[in-house]
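Peer 1: In my numbering, the protein residues as written are 390 to 858. Glycine is no exception: its CB is placed at the ideal position from the N, C-alpha and C atoms. Keep in mind that this is a model prediction, so the values were computed, not measured. The structure follows.
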């Protein structure tokens with residue numbers, strides 16, 4: 390394992406093989422993110438309870454670097470022989486329902502005090518722990534309990550309230566989703582208004598890491614625990630004014646690891662992927678959290694999105710009117726400490742050609758007879774004037790093209806065409822891939838090497854392609 394933020398040849402090769410395997414999952418259609426993975430805790434006496442543990446561990450960047458972290462873990466199980474749960478980055482996504490009383494029990498396995506805060510919620514009860522500057526804190530090997538009422542639906546986050554600049558940099562942060570009262574599997578709404586309806590959702594926790602800080606803290610911790618008593622604790626410090634991130638994350642992963650499967654074994658501390666898939670015409674809810682210390686201009690190709698809420702509050706002049714103050718943009722400024730809910734959709738409307746490449750009968754004047762087009766109901770999301778129209782260009786021959794890994798050999802959705810052996814192997818369904826990434830070009834690298842960092846894809850799948858929940 391690499392402890393100093395440096396790469397070795399064998400470790401770099403291992404990550405190359407891992408990335409190849411991750412992308413191979415795409416090729417065989419095993420990859421999906423149609424629902425947000427998270428934990429729902431347990432419910433007793435009207436209280437939804439989560440048990441979390443704070444502990445150290447390591448994450449991997451896609452270029453082979455291993456980084457020392459402090460993370461949170463689901464602590465609801467009992468481990469034999471003094472075992473501890475697997476920390477993760479970001480922390481487990483907590484999913485609750487509007488109106489519920491929520492209890493968080495935090496066990497601290499770090500050699501320093503820590504705590505949690507829940508922006509957008511008022512903590513009404515705390516138990517155990519000791520007073521801190523912002524919140525009640527858990528001593529080393531101690532616990533602290535927080536309770537709050539989830540009064541408003543939306544996308545929120547939680548993070549350390551102890552030395553928050555350092556401890557969030559070290560990884561103590563996660564997402565909190567509050568489902569609205571009228572939400573169900575058949576009525577997917579982000580807020581209590583039909584205008585916030587969506588078909589699929591994805592979570593994007595954006596963050597960044599300076600590995601120099603992490604190496605410094607790791608060395609301090611190792612020196613301290615080597616001689617300290619079992620319950621001894623210390624305040625660790627670094628000069629945060631010299632912070633200079635070198636890695637940028639979506640759900641705790643750098644690209645192309647963002648496109649590997651959820652809970653892939655090669656990334657035990659980074660269980661959440663970031664690869665939304667959808668069909669044409671569906672509404673995709675983007676839940677985006679600025680969990681780090683830097684602003685990130687999140688840019689999505691293919692279409693504008695409509696931001697319907699910020700910080701768990703619908704952009705509305707009147708709740709009865711829904712998100713009537715929603716904002717349309719193709720690059721959303723993700724400010725540190727803020728959350729955004731946006732609806733993104735893609736239909737191919739207005740392209741001027743039929744994305745399915747189907748022929749339609751024509752009348753004597755050469756006009757398409759729309760009622761006789763072979764398009765099924767789930768293909769009729771384009772403008773009628775585009776149906777039956779061919780791609781308005783002549784494609785070069787295969788010998789004159791450079792083939793991308795996501796090109797099926799055909800410009801039409803759900804189709805494949807002739808291509809060199811091995812080309813386009815990552816797109817067996819004939820889907821359309823739209824990139825979503827930071828528009829700060831420095832943030833789409835791994836250790837200074839492009840491509841990587843804060844980058845992933847949204848895949849438009851043909852209507853016949855199943856997308857698992």
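Would you grab the beta carbon distance between residue 720 and residue 674 for me? Rounded to a whole angstrom, and I think it's under 8 Å.
Peer 2: As a working note, residue 720 is residue 331 in the chain shown. As a working note, residue 674 is residue 285 in the chain shown. At roughly 18 Å, the Cβ-Cβ gap does not stay under 8 Å, so residue 720 and residue 674 are not in contact.
Peer 1: Do the CB positions of residue 427 and residue 566 come within less than 8 Å of each other?
Peer 2: One-based indexing of the chain shown puts residue 427 at position 38. One-based indexing of the chain shown puts residue 566 at position 177. Yes, these two residues count as a Cβ contact at 8 Å.
Peer 1: Evaluate the contact criterion for the segment 815-829 versus the segment 619-635: three or more CB pairs, one atom per stretch, below 8 Å.
Peer 2: Segments in contact, no.
Peer 1: In chain order, what residues of the same chain have a beta carbon less than 8 Å from the beta carbon of residue 468, not counting five sequence neighbours either side?
Peer 2: The residue you call residue 468 lines up with position 79 of the chain shown. Excluding residues within five positions, the ones whose Cβ falls inside 8 Å are 474.
Peer 1: What are the start and end residues of each continuous beta strand (DSSP E) run of 3 or more residues lying completely inside the segment 542-624, in chain order?
Peer 2: Counting only runs of 3 or more, we get 543-548, 562-568, 589-598.
Peer 1: I need the straight-line Cα distance from residue 506 to residue 580, nearest angstrom please.
Peer 2: The sequence position of residue 506 within the chain shown is 117, counting from 1. The sequence position of residue 580 within the chain shown is 191, counting from 1. Their backbone Cα atoms lie some 23 Å apart in a straight line.
Peer 1: Can you give me the C-alpha to C-alpha distance between residue 851 and residue 603, rounded to a whole angstrom?
Peer 2: Your numbering for residue 851 matches position 462 in the chain shown. Your numbering for residue 603 matches position 214 in the chain shown. Whole-angstrom Cα-Cα distance: 44 Å.
Peer 1: So, for residue 390: in the same chain, excluding its five sequence neighbours on each side, which residues have a beta-carbon less than 7 Å away from its beta-carbon?
Peer 2: Taking the first residue of the chain shown as position 1, residue 390 is located at position 1. Summary for residue 390: the model assigns pLDDT 34, below 50, so the residue's position carries little reliability, and this model does not support an answer.
Peer 1: Do you know how far the Cα of residue 464 is from the Cα of residue 746?
Peer 2: Locating residue 746 in the chain shown gives position 357, counting from the first residue. Locating residue 464 in the chain shown gives position 75, counting from the first residue. About 52 Å.
Peer 1: For residue 781, tell me which candidate among 744, 773, 575, 763 has the shortest Cα-Cα distance.
Peer 2: Start at 1 with the first residue of the chain shown, and residue 781 comes out as number 392. Checked all of 744, 773, 575, 763; the closest Cα to residue 781 is 744.
Peer 1: Alpha carbon to alpha carbon, what distance is there between residue 639 and residue 526?
Peer 2: One-based indexing of the chain shown puts residue 526 at position 137. One-based indexing of the chain shown puts residue 639 at position 250. Going from the Cα of residue 526 to the Cα of residue 639 covers about 28 Å.
Peer 1: Distance, Cα to Cα, residue 452 vs residue 798?
Peer 2: Locating residue 452 in the chain shown gives position 63, counting from the first residue. Locating residue 798 in the chain shown gives position 409, counting from the first residue. One C-alpha to the other measures close to 29 Å.
Peer 1: Which residue's Cα is closest to the Cα of residue 819: 450, 829, 803, 832?
Peer 2: Looking up residue 819 in the chain shown gives position 430. It is 803 whose Cα lies nearest to the Cα of residue 819.
Peer 1: To the nearest angstrom, report how far apart residue 554 and residue 529 are at their CA atoms.
Peer 2: Position 165 of the chain shown, counted from the first residue, corresponds to residue 554. Position 140 of the chain shown, counted from the first residue, corresponds to residue 529. Answer to the nearest angstrom: the Cα atoms are 19 Å apart.
Peer 1: Alpha carbon to alpha carbon, how far is residue 573 from residue 493? Give it in angstroms, no decimals.
Peer 2: Along the chain shown, one-based indexing puts residue 493 at 104. Along the chain shown, one-based indexing puts residue 573 at 184. The straight-line gap from Cα to Cα measures roughly 24 Å.
Peer 1: Please state the DSSP three-state secondary structure of residue 647.
Peer 2: Taking the first residue of the chain shown as 1, we reach residue 647 at position 258. Residue state, collapsed to three classes: helix.
Peer 1: What did DSSP end up calling residue 694 once you bin it into helix, strand or coil?
Peer 2: Position 305 of the chain shown holds residue 694. Strand.
Peer 1: Can you tell me which of the three DSSP states residue 421 falls into?
Peer 2: In the chain shown, counting from the first residue as 1, residue 421 sits at position 32. Interpretation of residue 421 is limited by its pLDDT of 49, a score under 50 that renders its predicted location unreliable; the figure taken from the coordinates is listed afterwards. Here residue 421 sits in coil by DSSP.
Peer 1: List the endpoints of the continuous beta strand (DSSP E) containing residue 512.
Peer 2: Position 123 of the chain shown holds residue 512. It spans 512-517 - the beta strand (DSSP E) in which residue 512 sits, taken as one unbroken run.
Peer 1: Are the beta-carbon atoms belonging to residue 735 and residue 849 less than 8 Å from one another?
Peer 2: Position 346 of the chain shown, counted from the first residue, corresponds to residue 735. Position 460 of the chain shown, counted from the first residue, corresponds to residue 849. The answer is yes: Cβ separation under 8 Å.
Peer 1: Between the alpha carbons of residue 845 and residue 685, how many angstroms are there, rounded?
Peer 2: The residue labelled residue 845 in the question sits at position 456 within the chain shown. The residue labelled residue 685 in the question sits at position 296 within the chain shown. If I take the Cα positions, the gap works out to 14 Å.
Peer 1: Output yes or no for whether 8 Å exceeds the beta carbon distance between residue 476 and residue 488.
Peer 2: Here residue 476 refers to the residue found at position 87 of the chain shown. Here residue 488 refers to the residue found at position 99 of the chain shown. Contact: no.
Peer 1: Keeping to the same chain, check which residues put their C-beta closer than 8 Å to that of residue 534; ignore five residues upstream and five downstream.
Peer 2: Translated into the one-based positions of the chain shown, residue 534 becomes position 145. Around residue 534: 492, 493, 494, 495, 514, 515, 516, 517, 518.
Peer 1: Should the segment 664-680 be regarded as contacting the segment 723-742, the criterion being three or more beta carbon pairs within less than 8 Å?
Peer 2: A contact exists between the segment 664-680 and the segment 723-742.
Peer 1: Once the 5 residues before and after residue 617 are set aside, which same chain residues still bring their CB inside 8 Å of it?
Peer 2: For the purposes of this step, residue 617 is taken as the residue at position 228 of the chain shown. Excluding positions up to five away in sequence, the list reads 500, 623.
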